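*Asks:*
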Amino acid sequence: MKKLIIGLCAATALAVVAGPAFAKDPIEVAVIVKATNSEFWQAVLVGARNYAKEHPADVTVTTNGPPAEADIAKQVSILEDTVSRGPKGIVISSTSSEATVPAIENAMSKGIPVVTIDNRVKTDKVASFLATDNVAGGKLAAKQLTEQLKAMGKPLKGKVALISSMAGVQVLIDRDNGFEAGLKQFAPDLVLLKPRYVNNDIFNAVNTAQDLVLSNPDLVGVFADNNTTGSGVAKVLTETGKKDSIVAIAFDSDPQEVEALRSGALKALVVQDPYGMGYKGVDSIVRALAGEKLPAYVDTGANVVTKANMDEANYKNLLDPLSRAIK
Amino acid sequence: MADKVATTEPSGLAGIRRINIGTSATLMVIVVILFVFLSMTSPVFLTGANLSNLLRQTSINGIIALGMLMVIITAGIDLSVGAVVAIAGIVNALMLQAGVPMLVSIPLTIVIGAIIGMFNGFLVFEVRITPFIASLGTLTIVRGLVMIISGARMVANLPVEFGRIASAELLGIPSMFIVWMVLFVLTAFLLSYTQIGRNFFIIGSSTEVARLSGIRLRPNIYAVYGLCSAYAALAGILLSARLSMGVPTAGISYELDAIAAVVIGGGSLFGAAGSAFGAVLGAIIMQTIRNGGNLLGVDPFALEVIIGALILIAVGVDQIRVRRAERG
Amino acid sequence: MAELIAAHGITKVFPGVRALDNVDFVLQPGEVHALVGENGAGKSTLIKILMGAYRRDEGTLQIKGREIREFNPQAAQAAGMAAVYQDISLARSLSVGENFYLGRMPTTKWGTIDWTGANARCGDLLKDLGLDIDPRVPLKSLPVAKQEMVAIAKPVFEGADILVFDEPTALLTNEETEILFSIIRRLKSEGKGIIYISHRMEEIFAISDRVTVLKDGRHVKTLPVADTDADELVRLMVGRSMADMYTIKRATPGTTALRVEGLTREPRFRDINFDVRHGEIFGLFGLIGSGRTETIRAIFGADPIDSGKVYLHGKPTRFGHPSDAIAAGIGFMSEDRKNQSIALPLSVRTNINLANYPAISRFGIVDQAAEREAARSCIERLQIKTPSDEVRIRNLSGGNQQKVVIGKNLTTKARILVCDEPTIGVDVGAKGEIYKVFESLTHDGVAILMVSSYLPEIMGLADRILVLYEGRQMGIVSRDEFDEERLIRLASGLQA
């Protein structure tokens, strides 16, 4: 008897939640990013908004996020507020792998599907997870580094520095681990220095790169695992005139990095597809609400952009996803 | 009849120089130890290139710390300096992009910084919000403003001459360091030789004593927070010159580094203590450890532990020294 | 029974000062032992050594018959010693009961705090001591005098058997002083030993058995109170008798310096009228709550007024801020020296110049030579005992601090000195010196408006006394009509 009542209640609740989906009102999807202050997350939002603009009758998108990526607590409270507001679905790139778990599980239990993007959250209770395989991306960076060295006719010997934006962030850990593994695989004689962390502060990244270049005359390569560190490294290599003797590979893309790629201060950028993440994230919600069974994990892919291919349309879109925004 | 026997421990102001000899001596010893250790362990530490890097790296925090010092002397605190660094960098960069000449944009940006500081002063004096909370509110507001006016984007493609402000050298000495030292001399002079410097110390001892001694609190409180933010704005301009762009996320948690430098340098959050020379040494010590850590490839997490421990040791040793003097 | 404290040949040297020189001090069980001496005589240093706060350089110390070598405040506490200082060192935000138990609240069998039991026990003791204080209220909600009583009751509650009272009555009313004395008598009957430090001769004769006189760090004499009198003690302490102290050479009052008409600030005081002439000491007398402090603060511009007029040399004036008053040649000494008159962490030099900087600065830059000179001449003129003018004022004795406050007003060349309890927390010797300064000031034509709640002082010094009762002016009594009983009647709201 009790079970029956609970079942009935649950069914009613579901019906209530699903109700408007049957009605022809557009469904509201809340998109929460790690930080509103970066090109990368803006690109995710552009992808999400473009989806809504392409399907104006079916979907509206609301966007939110803390101003800075370091602000884990604020993101958690934004998520909690969003859940209690009750949109039809949530797309989130969670800064922390743990802190958002209770709120995400709470949303799922309320019948709000949650699609996580970019960063894996430590719970199975998500509708789907869309991300770049960052380990593979890191490996790609290592491969690029060795190939560029070879192309310059340099022996695969000497030191490689790793400048990481921040410690303890899963995405960055994956990139760094992938890079380390890749380096071992492709160029076992290169020595990887201990990672330096810069708290996602570009001045700190510049200072650190400066110190590393100065104290390691046998430095042949640098890996910067996001746009902040990438821009910082590019600046130092340009200033010290070492951009032709040290191969720098960076993750992500922003105007400074693209400029550095063109000038040769950065030899390659490993870029994800944030636009695709946002676009596909919203799409996943729509399909989940339609009752479709989604794959647990979708790789949105990492791509290598070099000076050679940076002006091709595909890569141009990847480098500057913001330009794709539908007005 | 508390006949406490006077000890010979000298104090602030009467002899602003004398008091600092004790604290500064401790700090100088730490600096010397650091330099000797690093020059023995790293071949590049004592090279001109690294020293010039080190001075440039330290200047930003060093300048902010000088402003923070004055606020801390009045028993206040300014948590908004990091946000001011960001907004100054962005505002100045936007003006430069719009074609405003540097000679106009830079003073204007510093004035904007001072206005933000005076807003802190307004909150502290007129509304009677404790400085911690007042500047915390300002921090949040300014961070939000930065994002709004920059659209959360970096402002790049600045005139080349602007970047030269930070990269220039005079007789091999980085310009950023020169700016810092000029501010150091100004601050030291202000604190030791001027009426307003005296006022800051007296207000830091007790606002009621200051008032009954005929010191008007309003202009002094506005001035100290205005100066602090103006320094931070100048630091923000230099930082954006160093990076050749305005960065909306610049300066996050810089307030903590500045407070740490002041406190290592003998400042007290209870007010009425501290010196410009101490704050300069405090900033140098902190950045030297970071620089040395990078050069030696020290585990980055261990490095943070070392810096934290150093703050406590520097402050602790000083406390013990003062208490010894008082206990006899 | 063994002596509670037996200290012999105690010597303590600070850089430049021999604070204690071969001092003996013995405390018997069941004895109230008064410790008197001028400022700088070494009383506090001796207490700090006995309580383990300072290390002695030479001498032997026995506590309850046990030889003590290394001593510290914790060990002193463990040995049953407790000191009550003038400035209450309790947790003001906590309740009275919590302050009694500070850090070791009793717990129930569940491990939670036993509030009921704790408060009951504190309540019983307070009632037993004759104190009407609820142990549950936060300390800061009590008047200062009651807070002091809590501080006094705490060591009793803890069962300490060697108690030090350092100026315990400074903040107390007469009634509470009586309670304090009854507490002391009771402790005495239980065989406990009390060291009593006070500036007030009446108290020493009312409560103590023996008295030890210190002078300049030396032990002058220990004698039974019954065998001496106030005059002898003062002579032993300062080398002159008490009667001389309040006797100052009067100046001939000149023109009117300050006139006050209908001054009102509700609900503190209303319709106050008086005038002070150059060369005159004008007294303001009243009990706590009479509005005496508020009145002079308002005249100085420290607090606003509702109505009334202040005339300076016959011209109507209004001081919106103390700086206006200072600029007009008015000096001010607050009754709360540590919080209102001096900047504790700063040097003697700065403190002497506190109000002087506008005068010695040009274009905002301080004339350092003038600053040093002002400090030097003040230290010399007022004989302030300090190793140098760079010492923090916090390290000076109360009397010397107060001299710095006077110096601060001399430096600004104040022609009118408004002072509130100018000798509070100041020892006999320094008191006399302060009176001498007042004497010379009046001869220079300075007008002094002085609040004092200490009758012998105000009657000794003032030319006229205005008596306040609950913010109301009860009358102005001139010197030839001074009479203790009359003043007290007026101050209590009765017509004379």
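Protein chains in written order, with the working numbering: chain A, 1 to 327; chain B, 328 to 655; chain C, 656 to 1151. Ideal placement from N, C-alpha and C gives every residue a C-beta, glycine not left out. Note that the coordinates shown come from a computational prediction; the quantities given were computed from them, not determined experimentally.
At a CB distance below 8 Å, what residues from the segment 1020–1033 of chain C approach chain B? Give them in sequence order.
*Replies:* Here the close residues are 1020, 1021, 1023, 1030.
*Asks:* Would you identify the three-state DSSP class for residue 248 of chain A, choosing helix, strand or coil?
*Replies:* DSSP places residue 248 of chain A in strand when its eight states are reduced to three.
*Asks:* Contact criterion: CB-CB distance below 9 Å. Does residue 382 of chain B meet it with respect to chain A?
*Replies:* Chain A, which has no Cβ nearer than 9 Å to the Cβ of residue 382 of chain B, makes this no.
*Asks:* Quick check for students: name the residue ranges of the beta strand (DSSP E) that lie wholly in the segment 1065–1103 of chain C, counting only runs of 3 or more.
*Replies:* Qualifying beta strand (DSSP E) stretches, in chain order: 1071–1075.
*Asks:* Taking 9 Å as the CB-CB cut-off, is residue 407 of chain B touching chain A?
*Replies:* Judged by the 9 Å Cβ criterion, residue 407 of chain B is not in contact with chain A.
*Asks:* Give the list of continuous beta strand (DSSP E) stretches no shorter than 3 residues that lie fully inside the segment 100–183 of chain A.
*Replies:* Correct list: 114–117, 128–131, 158–164.
*Asks:* Run through the segment 183–246 of chain A for me and flag every whole alpha helix (DSSP H) of 4 or more residues, listed as ranges in chain order.
*Replies:* List check, alpha helix (DSSP H) in window: 202–215, 227–240.
*Asks:* I need the straight-line Cα distance from residue 988 of chain C to residue 1078 of chain C, nearest angstrom please.
*Replies:* Answer to the nearest angstrom: the Cα atoms are 10 Å apart.
*Asks:* Could you check whether the Cβ of residue 576 of chain B sits closer than 9 Å to any Cβ belonging to chain A?
*Replies:* Closer than 9 Å to some Cβ of chain A, the Cβ of residue 576 of chain B qualifies, so yes.
*Asks:* Which of helix, strand or coil does DSSP assign to residue 713 of chain C?
*Replies:* In the structure shown, residue 713 of chain C sits in a strand (DSSP, three-state: E or B).
*Asks:* So, does the CB of residue 17 of chain A fall closer than 9 Å to a CB anywhere in chain B?
*Replies:* Only weak support exists for where residue 17 of chain A lies, its pLDDT of 47 falling under 50; the value from the coordinates is given anyway. Judged by the 9 Å Cβ criterion, residue 17 of chain A is not in contact with chain B.
*Asks:* Would you list the residues sitting across from residue 1105 of chain C in a DSSP beta bridge?
*Replies:* For residue 1105 of chain C, which the question treats as bridged, DSSP gives the partners C:938, C:1074.
*Asks:* Per DSSP, what are the beta-bridge partners of residue 1017 of chain C in this structure?
*Replies:* The partner list for residue 1017 of chain C (beta bridge, DSSP) reads C:1020.
*Asks:* Assuming residue 437 of chain B and residue 476 of chain B form a contact by the criterion Cβ under 8 Å, report the distance between their Cβ atoms to the nearest whole angstrom.
*Replies:* Actually they are not in contact, since the Cβ atoms of residue 437 of chain B and residue 476 of chain B sit about 17 Å apart, beyond 8 Å.
*Asks:* Can you pull out the residues from the segment 194–218 of chain A whose beta carbon lies closer than 8 Å to at least one beta carbon of chain B?
*Replies:* Answer in chain order: 194, 195, 196, 197, 199, 200, 201, 202, 203, 206, 207, 208, 210, 211, 212, 214, 215.
*Asks:* Going by alpha carbons, who is nearest to residue 1101 of chain C out of C:1004, C:984, C:1113?
*Replies:* The residue with the shortest Cα to Cα distance from residue 1101 of chain C is C:984.
*Asks:* Are there 16 or more other CB atoms within 10 angstroms of the CB of residue 1086 of chain C, so buried, or fewer, so exposed?
*Replies:* Buried.
*Asks:* Just the C-alpha distance for residue 1143 of chain C and residue 902 of chain C, rounded to the nearest angstrom, thanks.
*Replies:* In a straight line, the C-alpha of residue 1143 of chain C is about 22 Å away from that of residue 902 of chain C.
*Asks:* Determine the direct distance from the alpha carbon of residue 595 of chain B to that of residue 1001 of chain C, and round the result to whole angstroms.
*Replies:* Each residue's alpha carbon lies about 13 Å from the other.
*Asks:* 9 Å is my cut-off, CB to CB: does residue 966 of chain C come that close to chain E?
*Replies:* Looking for chain E here will not work: the only protein chains present are A, B and C.
*Asks:* Please look up how many angstroms separate the CB atoms of residue 552 of chain B and residue 390 of chain B, rounded, as I've assumed it's under 8 Å.
*Replies:* About 16 Å separates the two Cβ atoms, so there is no contact after all.
*Asks:* Measuring only between beta-carbons, confirm whether residue 582 of chain B sits less than 9 Å from chain C.
*Replies:* Not closer than 9 Å to any Cβ of chain C, the Cβ of residue 582 of chain B fails to qualify, so no.
*Asks:* Does chain C have any CB closer than 9 Å to the CB of residue 549 of chain B?
*Replies:* False, the Cβ-Cβ gap to chain C never drops below 9 Å.
*Asks:* Excluding five sequence neighbours on each side, which residues of the same chain lie with their C-beta closer than 8 Å to the C-beta of residue 22 of chain A?
*Replies:* At residue 22 of chain A the pLDDT is 48, less than 50, meaning the model places this residue with poor confidence; the figure from the coordinates comes in the next sentence. The answer is none, since no qualifying residue turns up.
*Asks:* So, with DSSP's three-state summary, where would you put residue 793 of chain C?
*Replies:* The answer is strand: DSSP assigns residue 793 of chain C an E or B state.
*Asks:* Does the contact criterion of 3 or more C-beta pairs under 8 Å hold for the segment 557–571 of chain B versus the segment 178–197 of chain A?
*Replies:* No, because fewer than three Cβ pairs between the segment 557–571 of chain B and the segment 178–197 of chain A fall closer than 8 Å, the two stretches do not touch.
*Asks:* Measure from the C-beta of residue 597 of chain B to each C-beta in chain C and report whether the shortest distance is under 9 Å.
*Replies:* Residue 597 of chain B counts as touching chain C.
*Asks:* If we call anything under 9 Å between Cβ atoms a contact, is residue 561 of chain B one with residue 440 of chain B?
*Replies:* Yes.
*Asks:* Taking only runs of the beta strand (DSSP E) that begin and end inside the segment 551–581 of chain B, which ones reach a length of at least 3 residues, in chain order?
*Replies:* Fully enclosed beta strand (DSSP E) runs of 3 or longer: not present.
*Asks:* Per DSSP, what kind of secondary structure is residue 1011 of chain C in: helix, strand or coil?
*Replies:* Three-state DSSP puts residue 1011 of chain C in coil, outside helix and strand.
*Asks:* When the Cα atoms are used, what is the spatial distance from residue 357 of chain B to residue 620 of chain B?
*Replies:* Near 16 Å, if we compare the C-alpha coordinates of residue 620 of chain B and residue 357 of chain B.
*Asks:* Are three or more beta carbon pairs between the segment 232–245 of chain A and the segment 303–317 of chain A nearer than 8 Å?
*Replies:* The segment 232–245 of chain A, when compared against the segment 303–317 of chain A, does not touch it at the 8 Å Cβ threshold.
*Asks:* At a Cβ threshold of 9 Å, is residue 981 of chain C touching chain B?
*Replies:* Answer yes: the Cβ-Cβ gap between residue 981 of chain C and chain B drops below 9 Å somewhere.
*Asks:* Check the Cβ of residue 235 of chain A against every Cβ in chain B and list those closer than 8 Å, keeping chain order.
*Replies:* Simply 570, 571.
*Asks:* With a cut-off of 9 Å, does the C-beta of residue 470 of chain B fall near any C-beta of chain A?
*Replies:* For residue 470 of chain B, the answer is yes, since a Cβ of chain A falls inside 9 Å of its Cβ.
*Asks:* Considering just the uninterrupted stretch of the alpha helix (DSSP H) at residue 857 of chain C, what are its terminal residues?
*Replies:* 856–862 is the span of the alpha helix (DSSP H), which, as asked, contains residue 857 of chain C.
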